[in-house]
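These notes are about the structure you will find just below.
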Amino acid sequence: MNPEEFAGPNIPSSALGGNSGPKLATLSNIRIVLVETSHPGNIGAVARAMKTMQLSNLHLVRPKRFPCAQATARAAGADDVLFDAKQWETLGQALQGCGWACATSARARSIPWPELSPREAAEKAVKTAQQTPVALVFGREQWGLTNAELDRCHSLVHIPTHPNFRSLNLAAAVQLVAYEVQLAWHDQEPAEGASPVMASPCSIDDLEGFYDHLEATLIDIGYLNPDRPKRLMRRLRRLFNRTHPDCSEINILRGILTATQRAAKERGNDGH
Ligand code: SAH
555 MNPEEFAGPN IPSSALGGNS GPKLATLSNI RIVLVETSHP GNIGAVARAM KTMQLSNLHL
615 VRPKRFPCAQ ATARAAGADD VLFDAKQWET LGQALQGCGW ACATSARARS IPWPELSPRE
675 AAEKAVKTAQ QTPVALVFGR EQWGLTNAEL DRCHSLVHIP THPNFRSLNL AAAVQLVAYE
735 VQLAWHDQEP AEGASPVMAS PCSIDDLEGF YDHLEATLID IGYLNPDRPK RLMRRLRRLF
795 NRTHPDCSEI NILRGILTAT QRAAKERGND GH
C-alpha cells in the first residue's frame, strides 16, 4: 500500500481530545446518507472523507454492492465507519427520527428548492444536531436524487462549481460538505445555551404524517383532484420545508386539518 494512502490506525473518539461530551454527541447526530451508490469504492472513499472530519454515522440506501473489499480498500483505515454503516431499503427509513434533512445536488431543479450554501447548511446541521439527528443526503453517481427523494428533504445544497462542469465525485462532495460541518462544529455555541430557547423540531416522520394528512384533507374538500395532482403537493412541501415547523406548530396544523375534515363531512351529511 502506498504509505500516503494509509490514513493511520483507528483512533477511539475518547482520544480525540478537547471536544468531548455533548459536543461530540452533536457530530454523532449528523448522518451522511448515500442513496443507491453504484461503486463500492466510492462508499469506502466517503467513509475516509467522513472520518477525517470526525463524522462516523453512515447510512446506505440500497447500495449496489456492500460490504465489499473495494470499499474497505478505499476506506484506507476508516473501516470502522464502514463496519458501523446502516443499510436501508428506502430513503424514508434512513431519515427516520431526523429533525432536519438536506439534499445535495449537482443540478438545477425544475422547481426551485429552498437552497443553502454548503456553509449555511453545515451551520444549520450542527445547530439542529444539538437537539435531534439530522441527515445530509447524497445521490447516485449516474443521476443524483429523484424529485420524490428531494421532497423528503427540507433544503438543497449545491456546491458552487464551474457552470458547465458541475458534478463532483461523490466522495469529493461528501468531503467538502463534511469539512464545512467540521468548521461549523468548532464554532458552535455551547448546547446548554441553545436548548432552552429552541423549540423542539418535529421529526421527518411527523412531517410526512402531516403531508399525508394535508393531501387527504385537500382531496376531501375538493381542492386537490387525485387524478390530476399536478405539482400542488410538491409546492406545499416546499413552503412548509422552508419554514421548518416545530412539533407544536405541526400539532396545530394537524388540528386544523382534522377540524376541516370534520366540517367537510358534516356539510356533506347535511346534503350541502
Ligand atoms: N450526474 C449526477 C451527478 C451525481 S454526482 C447528477 O446529474 O445529479 C453524485 C452525488 O454527488 C450527487 O447526487 C450529489 O449528492 C453530490 N454532488 C456532486 N456534485 C455536487 C455539487 N456540485 N453540489 C452538491 N452535490 C454534489
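In this text, residue positions in the sequence shown follow this note's numbering: the first is 555, and each later residue adds one.
For every residue, glycine included, the Cβ atom is placed at its ideal position computed from N, Cα and C.
| query | result |
| --- | --- |
| Determine the DSSP secondary structure at ASN701, reduced to helix, strand or coil. | helix |
| According to DSSP, simplified to helix, strand and coil, what is PRO557? | Residue confidence for PRO557 is low, a pLDDT of 36 falling below 50, so the modelled location carries little weight; the figure read from the coordinates is stated next. Residue state, collapsed to three classes: helix. |
| Which runs of the alpha helix (DSSP H), 4 residues or longer, sit entirely within the region 642-690? | 645-648 and 672-683 |
| Please name the residue, chosen from ASN779, GLY646, LEU670 and ALA579, that lies closest to GLN685 on a Cα-to-Cα basis. | ALA579 |
| Could you tell me whether the Cβ atoms of LEU636 and ALA625 are closer together than 8 Å? | yes |
| Could you check which residue in GLY653, GLY776 and GLY595 has the C-alpha nearest to that of ALA630? | GLY595 |
| What residues match up with PHE542 in a beta bridge as DSSP calls it? | The structure shown does not extend to residue 542, since the chain spans only 555 to 826, so no value can be given for it. |
| Compare the C-alpha of LEU710 against each of THR644, ARG796, ASN779 and LEU645 and name the closest. | ARG796 |
| Residues in the same chain with beta-carbon distance under 7 Å from VAL680, minus the five sequence neighbours each way, listed in chain order, please. | THR580, VAL735, ALA738, TRP739 and GLN742 |
| Might you give, ordered along the chain, the residues of its own chain that have their beta carbon closer than 7 Å to the beta carbon of LEU786, omitting 5 neighbours on each side? | LEU778 |
| From SER721 to GLU590, what does the alpha carbon distance come to, in whole angstroms? | 17 Å |
| With a CB to CB cut of under 8 Å and the five nearest residues on each side skipped, what residues in its chain are close to HIS798? | TRP654, HIS708 and PRO755 |
| Alpha carbon to alpha carbon, how far is LEU588 from ILE775? | 39 Å |
| Give the C-beta separation of ARG694 and SER757 to the nearest angstrom, bearing in mind that I take them to be a contact with Cβ-Cβ under 8 Å. | Not quite, the Cβ-Cβ distance comes to about 25 Å (not below 8 Å), so this is no contact. |
| Taking 8 Å as the cut-off, decide whether the C-beta atoms of LEU609 and ALA639 are in contact. | no |
| Leaving out five residues before and five after ALA861 in sequence, what residues of the same chain have Cβ atoms less than 6 Å from its Cβ? | Since the first residue of the chain shown is 555 and the last is 826, residue 861 is not available in this structure. |
| Where does HIS716 fall in DSSP's three states? | strand |
| Applying the criterion that 16 or more other CB atoms from any shown protein chain within 10 Å of the CB defines a buried residue, is THR644 buried or exposed? | exposed |
| Using DSSP with H/G/I as helix, E/B as strand and the rest coil, what is PRO563? | With a pLDDT of 39 at PRO563, under the threshold of 50, the modelled position of that residue is not reliable, and no figure is offered here. |
| Just list the residues that DSSP pairs ILE586 with in beta bridges. | LEU612 and LEU690 |
| Could you check if PHE840 belongs to the surroundings of ligand 1, using beta carbon to heavy atom distance under 7 Å? | Nothing about residue 840 can be read from this structure; the chain reaches only from 555 to 826. |
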